Amino acid sequence: MLYWRGDRLITVPESVDPGEAVTLILNYIVAYQTLHRSARVKPGEKALIIGASGGIGTALLQLGRLADLKLYAIASKSKHAILTEYDATPIDYRSQDFAAEIQQAEPGGLDVVLDGMNRLDDIRRSLPLLRRGGRMVSFGEPASLPELFRILAILIKVKLLPKGMSFKLYGTSTYFLGDRKPFLEDWATVFRLLKEGKIKPIIYARFPILEAARANQLLESGPVVGNIVLLAPE
Numbered sequence: 000m001l002y003w004r005g006d007r008l009i010t011v012p013e014s015v016d017p018g019e020a021v022t023l024i025l026n027y028i029v030a031y032q033t034l035h036r037s038a039r040v041k042p043g044e045k046a047l048i049i050g051a052s053g054g055i056g057t058a059l060l061q062l063g064r065l066a067d068l069k070l071y072a073i074a075s076k077s078k079h080a081i082l083t084e085y086d087a088t089p090i091d092y093r094s095q096d097f098a099a100e101i102q103q104a105e106p107g108g109l110d111v112v113l114d115g116m117n118r119l120d121d122i123r124r125s126l127p128l129l130r131r132g133g134r135m136v137s138f139g140e141p142a143s144l145p146e147l148f149r150i151l152a153i154l155i156k157v158k159l160l161p162k163g164m165s166f167k168l169y170g171t172s173t174y175f176l177g178d179r180k181p182f183l184e185d186w187a188t189v190f191r192l193l194k195e196g197k198i199k200p201i202i203y204a205r206f207p208i209l210e211a212a213r214a215n216q217l218l219e220s221g222p223v224v225g226n227i228v229l230l231a232p233e
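All letters in the sequence shown, in the order written, are residues 0 to 233 by numbering that gives the first Met the number 0.
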């Protein structure tokens, strides 16, 4: 038997597949809040997704299309089919210079950059792509502590000298500890969207929870699109 605090629980509709429910709890909440609470997107805006083929990236594709955004998405070429399925313009990070591609396609600049990689070089190259009033939100895990400090230095610089743009870092732990109410509201929203068929988590593979090591090996091997979920025995 498992005991947990009632104020941190939400009701999951009986009709929801457990594997899909798992993806909503983290990946879809990150995507939804990055779009609607951090970036505050508006219909018709132009957005770039960095790291578009993973669990959060594919959630951003679905929710971004639902928000009526014009999407550009970065992933390896072998995963471009899923990007175009959600009406995004694909960019291959191996063979294309994403900054040059965006500058050519959108000379007036982007409204939003959604960065799931949190790499220093990507951030430095993405900020100049924003138009005046543009917003960049990074939500990935930095490669190292020194890299994090360099990213924080850029964050402070943009806050002090905004030049008509904004740069934010999003993290679920910090936001949840600060105020749980938005999470409970947004979880209810994404579960409603799932129940209405407006979103559909992409599940690449399912593993019993005791095979987590094998699931992680698959995740690190490269071909995964969407989510890998671990399921407890029934």
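No residue lacks a Cβ here, since even glycine has one placed at the ideal position from N, Cα and C. From a predicted model like this one, the values you see are computed outputs, not experimental measurements.
Which two residues bound the contiguous beta strand (DSSP E) that contains residue 89?
DSSP places residue 89 inside the beta strand (DSSP E), whose first and last residues are 88-91.
Residue 119 versus residue 149 - alpha carbon distance
Between residue 119 and residue 149, the C-alpha separation is close to 7 Å.
Is DSSP giving residue 166 helix, strand or coil here?
Taken through DSSP and simplified to helix, strand or coil, residue 166 comes out as strand.
Distance, residue 19 Cα to residue 290 Cα:
The requested residue 290 does not occur in the structure, where the chain is confined to residues 0 to 233.
Is there a Cβ of chain C sitting closer than 8 Å to that of residue 222, yes or no?
Looking at the structure shown, chain C is missing, and only one protein chain is on hand.
Status (buried if at least 16 other CB within 10 Å, exposed otherwise) for residue 57
So residue 57 counts as buried.
Does DSSP put residue 9 in a helix, a strand or coil?
Secondary structure of residue 9 (DSSP, three-state): coil.
Candidates 138, 112, 98, 30, of which the one nearest residue 253 by Cα:
There is no way to answer for residue 253, as the model of the chain reaches only from 0 to 233.
Determine, using beta-carbon pairs with one atom in the stretch 22-41 and one in the stretch 132-146, whether at least three such pairs fall under 8 Å.
Three or more beta-carbon pairs separated by less than 8 Å link the stretch 22-41 to the stretch 132-146, which places the two stretches in contact.
Can you grab the Cα-Cα spacing for the pair residue 191 / residue 90, in whole Å?
Roughly 31 Å separates the two Cα atoms.
May I have the straight-line CA-CA distance separating residue 217 from residue 202, to the nearest angstrom?
Approximately 13 Å, taken between the alpha carbons.
Would residue 44 be called buried (16 or more neighbouring beta carbons within 10 Å of its own) or exposed?
Here residue 44 is buried. Its C-beta has 16 or more other C-beta atoms within 10 Å.
Thinking residue 74 and residue 51 are a contact (beta carbons under 8 Å), I'd like their distance in whole angstroms, please.
Between residue 51 and residue 74 the Cβ distance is about 5 Å, and since that is below 8 Å, they are a contact.
Along the chain, where does the beta strand (DSSP E) that runs through residue 45 open and close?
Note, residue 45: beta strand (DSSP E), 45-49.
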